[in-house]
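**Q** Just add 1066 to wherever you are in the sequence shown, counting from 1, and you've got the numbering used here.
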Amino acid sequence: MQAGPGWRRGQSYSQDLRERVLAAVDSGMAVAEAAALFRVSVSYIYKVRLRRRRTGETTARLQRCHLVRKLSVHHEVISAEVAARPDLTLAELRAWLSEEHGVTTSVGGLWNTLERLGLTLEKTRHAAEQERADVAAARDAWRQHQPTLNPARLVFIDETWATTNRARLCGRCRRSQRLRAAVPHGHWGPQGMRSIKTSTFVAALRSNGITAPFVIDGAINGRVFRTYVEEVLAPCLAEGDVVIMDNLGAHKVEGVRQAIEARSASVLYLPPYSPDLNPIEQVFAKLKQLLKTVAARTITDLWAKIGTLLDGFSPKECTNDITNCRYRQSP
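1. Considering Y1079, what are the terminal residues of the alpha helix (DSSP H) in which it resides?
2. In chain order, what residues of the same chain have a beta carbon less than 7 Å from the beta carbon of A1100, not counting five sequence neighbours either side?
3. Under 8 Å, do A1270 and T1264 count as touching if we go by C-beta distance?
4. Output the distance between the C-alpha atoms of S1145 and Y1393, rounded to the nearest integer angstrom.
5. Are the CB atoms of N1274 and A1316 nearer to each other than 8 Å?
6. Can you check which of these residues, D1224, F1104, R1117, T1229, is closest to I1372 by C-alpha distance?
7. CA-CA distance, V1012 and A1247?
8. Name the DSSP beta bridge partners of I1346, please?
9. Between which two residues does the beta strand (DSSP E) containing T1264 stretch?
10. Please check the pair A1126 and S1093, which I expect to be a contact at CB under 8 Å, by giving their CB distance rounded to whole angstroms.
11. Per the DSSP calculation, I1282 is bridged to which residue(s)?
12. Give me the residue from D1307, R1205, E1188, T1186 with the minimum Cα distance to E1195.
13. Suppose only complete runs of 3+ residues qualify. What are the beta strand (DSSP E) ranges in the stretch 1319-1368, listed by chain order?
14. Kindly indicate which three-state DSSP category L1220 falls into: helix, strand or coil?
15. Distance, Cα to Cα, L1183 vs V1221?
16. Excluding the 5 residues preceding and the 5 following A1157 in the sequence, name in chain order all residues of the same chain whose CB lies nearer than 8 Å to its CB.
17. Out of T1121, C1236, R1084, state which residue places its alpha-carbon closest to the alpha-carbon of R1105.
18. Give the single residue among Q1348, L1356, D1312 whose Cα lies nearest to the Cα of V1338.
19. State the start and end residues of the unbroken beta strand (DSSP E) segment that holds V1399.
20. How many angstroms separate the CA atom of E1297 from the CA atom of V1333?
21. For A1285, tell me which candidate among R1272, G1306, E1327, E1225 has the shortest Cα-Cα distance.
22. Where R1115 and S1107 are concerned, what is the direct C-alpha to C-alpha distance, given to the nearest angstrom?
23. Under a Cβ-count criterion, where at least 16 other Cβ atoms within 10 Å of its own Cβ denotes burial, should R1272 be classed as buried or exposed?
24. Restricting to Cα atoms, I'd like to know which of P1217, R1209, P1279 is closest to S1340.
25. Where does the unbroken alpha helix (DSSP H) through P1381 begin, and where does it stop?
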């Protein structure tokens, strides 16, 4: 006669109990008395009586947790379409469902479906050239060679650019208001001088930290890179080190390999179109985000900020970056 035993919160009352409650109040029992007797809430009795009066129904409605989701029967085709075209937007996927399968759904419902399928937003792009047969073979060969390399002796070299107009792309303000922020856009200034200054930053990543940092005004070329190797990088090398860099033409000019081998170190060039195999790219990605924070607006300030920010890269972080690119020596 009581609802307590065997009943859980969120579970519908049994039909037998529903009928007993209604029969009791129909026979003249006070609502409060019936609620206490059957251990249900007073509001439940009022609601079930109101529903019976309006619709004639006394049975429990199907609860939300037991509803068959609209897109559940389309999980396989949705997964297949996302696998074939992973850069689809929710609006495009929604339109495809409507056109191909006659299914209408909301963007929010589609988002929830993708989450249930484990299909989340990830980094989407890589060089299409990686799929060429020769490049794919070179990358496979490199992957097979990686376990033979001692991470403690690896020196990863690369360069990136830094400008005086870096800034965060979004911020916060009152809803419905437009947020405006002043950022240099590179218009030509007095005497025809461009207001944005671009520098090239070169550095080496090792498992114990970042070494041989070097900044120049403008772009890098073979002559400048050879000077960097001879005067900045080479003094930091030790016997047995392995310098790894990409296939950029400036990295292969006469004198670069000779300067490295003169320190009893060796050189390895990464496969073409393979920045993902160089862990220093992770350092550069973080550095560029940090440069947005400091918002340096002059060359002098930019270079000083780069030097300060490099101190924040701990040996542990550098080791993790290298490990993340699968440079783990086999036992």
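Even glycine gets a Cβ: it sits at the ideal position worked out from N, Cα and C.
**A** Let me spell this out:
1. Where Y1079 is concerned, there is no enclosing alpha helix (DSSP H), given that its DSSP letter is neither H nor E.
2. V1087, A1090, V1091, I1111
3. no
4. 32 Å
5. no
6. T1229
7. No statement about residue 1012 is possible, as the shown extent of the chain runs from 1067 to 1397 and does not include it.
8. None; I1346 has no bridge partner.
9. 1264-1272
10. No, A1126 and S1093 are not in contact; Cβ-Cβ is about 22 Å, not under 8 Å.
11. T1266
12. R1205
13. 1332-1335
14. strand
15. 40 Å
16. V1173
17. R1084
18. The question names Val, yet the displayed sequence has Pro at residue 1338. Residue D1312 is the option with its Cα nearest to P1338.
19. Because residue 1399 is not part of the residues shown, which for the chain are 1067 to 1397, the question remains open.
20. 17 Å
21. E1225
22. 13 Å
23. buried
24. R1209
25. 1381-1390
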